[in-house]
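Structure, as structure tokens:
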Amino acid sequence: MASLDISSVLQGGYQHPLSRTWQAKRTLTKAMLMYPIFITDDPDAHVEISSLPGQCRWGVNKLEEFIGPLVQKGLKSVIIFGVPLKVPKDESGTPADDAEGPVILAIKKLRALYPSLYIATDVCLCEYTSHGHCGILNEDGSINPAPSATRIAEVALAYARAGAHCVAPSDMMDGRIKAIKRALIDAGFGNRCTLMSYSAKFASALYGPFRDAAGSAPSFGDRKCYQLPPQGKGLARRAIQRDVAEGADIIMVKPALPYLDIIQDAAQLASDHPLACYQVSGEYAMVVAGARAGVYDLRTMAFETCESMLRAGCTLILTYFTPQFLDWLDE
Ligand SMILES: [Zn+2]
52 MASLDISSVL QGGYQHPLSR TWQAKRTLTK AMLMYPIFIT DDPDAHVEIS SLPGQCRWGV
112 NKLEEFIGPL VQKGLKSVII FGVPLKVPKD ESGTPADDAE GPVILAIKKL RALYPSLYIA
172 TDVCLCEYTS HGHCGILNED GSINPAPSAT RIAEVALAYA RAGAHCVAPS DMMDGRIKAI
232 KRALIDAGFG NRCTLMSYSA KFASALYGPF RDAAGSAPSF GDRKCYQLPP QGKGLARRAI
292 QRDVAEGADI IMVKPALPYL DIIQDAAQLA SDHPLACYQV SGEYAMVVAG ARAGVYDLRT
352 MAFETCESML RAGCTLILTY FTPQFLDWLD E
């Protein structure tokens, strides 16, 4: 019988379930999960989002019913997305920082109900502008960068004042990280609020269910002049380095699964920062749809996708699978 060379044999190192776990550089924990939640302006809402199976739009009055059981299971953090359905929208997204709007009310309510829960808030204008774009526009429909960054910073500061532990601008306007950081510092929130930048946010086909959930599709054109082209690795690297230089505390890559190389780049370029990635609505819907079609087991695939993100270098994952992981990680 031919014997294998010593250098050929690897299987001895991972023959036991425990020794297989030791192969990971980083293991998924509840603290690494941030749950994206949709809060609408009907305070009693509990409405299923058909394109995002298992996810709902919630009203402020329902937050205890929704979040309470998850906190019991070990939920550590959420990121809030506002879904205004009733308010009149305008050119500059005035309802974004309405003191009676769903985001600010939800921040205050969650802070009061769950003192240990970490509350991040998405910051963007597209849910609140009449044109559905993420910034302020010139008359010809192009982005006007300076007032866009100023307005985004105003909104971020309002969320910080309401008690958000973290503000996370997703708009991709040039200069907004610097503008937000300056506004936070000048208002005395420099040491009280974290700035998480959606740094490498690509113009992806995977945002469909989210736009459905948040009602944030642009009324004309698309977002290709500010979100990054999917083939733009160099641009992503520049955006990551810019946001680090402008004062971001956490760097994010979005979407996650088709951009693992960008996550790995970010882990090197911003090696001293926490690194987040967003397993976006379309990625979640895709994993769920494949499981329903019998292609794979849901839980196995959910772990495989998120573990690929950790392997690429993430320390924080925004995912709609968070409630399920809270159960799965206990088993
Ligand atoms: Zn937006």
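Take 52 as the starting number for the sequence shown in this note's numbering and just add one per residue.
Glycine included, each C-beta is placed from N, C-alpha and C at the ideal position.
Among residues of its own chain, excluding the 5 on either side of D93, which ones have a beta-carbon nearer than 8 Å to its beta-carbon?
Once the five neighbours on either side are set aside, the close Cβ partners of D93 are G110, L136, K137.
Is P166 helix, strand or coil by DSSP?
Coil.
For L176, which of A234, A254, A265, L126 has the nearest alpha-carbon?
L176 has its Cα closest to that of A265, out of A234, A254, A265, L126.
For G186 versus I194, is the C-beta spacing smaller than 7 Å?
The answer is yes: Cβ separation under 7 Å.
Note down, one range per segment and in chain order, each alpha helix (DSSP H) of at least 4 residues found wholly within the region 352-381.
Counting only runs of 4 or more, we get 373-379.
So if DSSP puts E99 in a beta bridge, which residue, or which two residues, is it bridged to?
Answer by DSSP bridge pairing, in chain order: C107.
Ordered along the chain, which non-local residues of its own chain (more than five positions away) have a Cβ less than 8 Å from that of P260?
Closer than 8 Å at Cβ, skipping near neighbours: I100, S102, L103, S332, G333, Y335, A336.
Which word fits P280, buried or exposed, when buried means at least 16 other C-beta atoms lie within 10 angstroms of its C-beta?
Its Cβ having fewer than 16 others within 10 Å, P280 is exposed.
Y169 and S128 look like a contact to me (Cβ under 8 Å); what is the Cβ gap, rounded to whole Å?
At roughly 4 Å, the Cβ-Cβ gap stays under 8 Å, so Y169 and S128 are in contact.
If contacts are defined as beta-carbon pairs under 8 Å, then A230 and A204 qualify, I think. What distance do you get, rounded to the angstrom?
With a Cβ gap of about 4 Å, A230 and A204 count as contacting.
Per DSSP, I301 is paired with what?
Answer is M247.
Less than 7 Å between the beta carbons of F89 and V154, yes or no?
Result no, Cβ atoms of F89 and V154 do not sit closer than 7 Å.
Go ahead and label H324 buried or exposed: buried means 16 or more other beta carbons lie within 10 angstroms of its beta carbon, across all protein chains shown.
Per the 10 Å Cβ criterion, buried.
Within the same chain, show all residues whose beta-carbon is closer than 6 Å to that of V304, passing over the 5 residues directly before and after it, in chain order.
Closer than 6 Å at the Cβ level, and outside the excluded window around V304, lie A251, Y310, I313, I314, A317, C328.
Measuring CB to CB, does Q330 end up less than 7 Å from T370?
Closer than 7 Å, so yes.
Helix, strand or coil: how does DSSP classify Y65 here?
Helix at Y65.
Hey, L84 and F376: beta-carbon distance below 7 Å or not?
It is a contact, given that the beta carbons lie within the stated cut-off.
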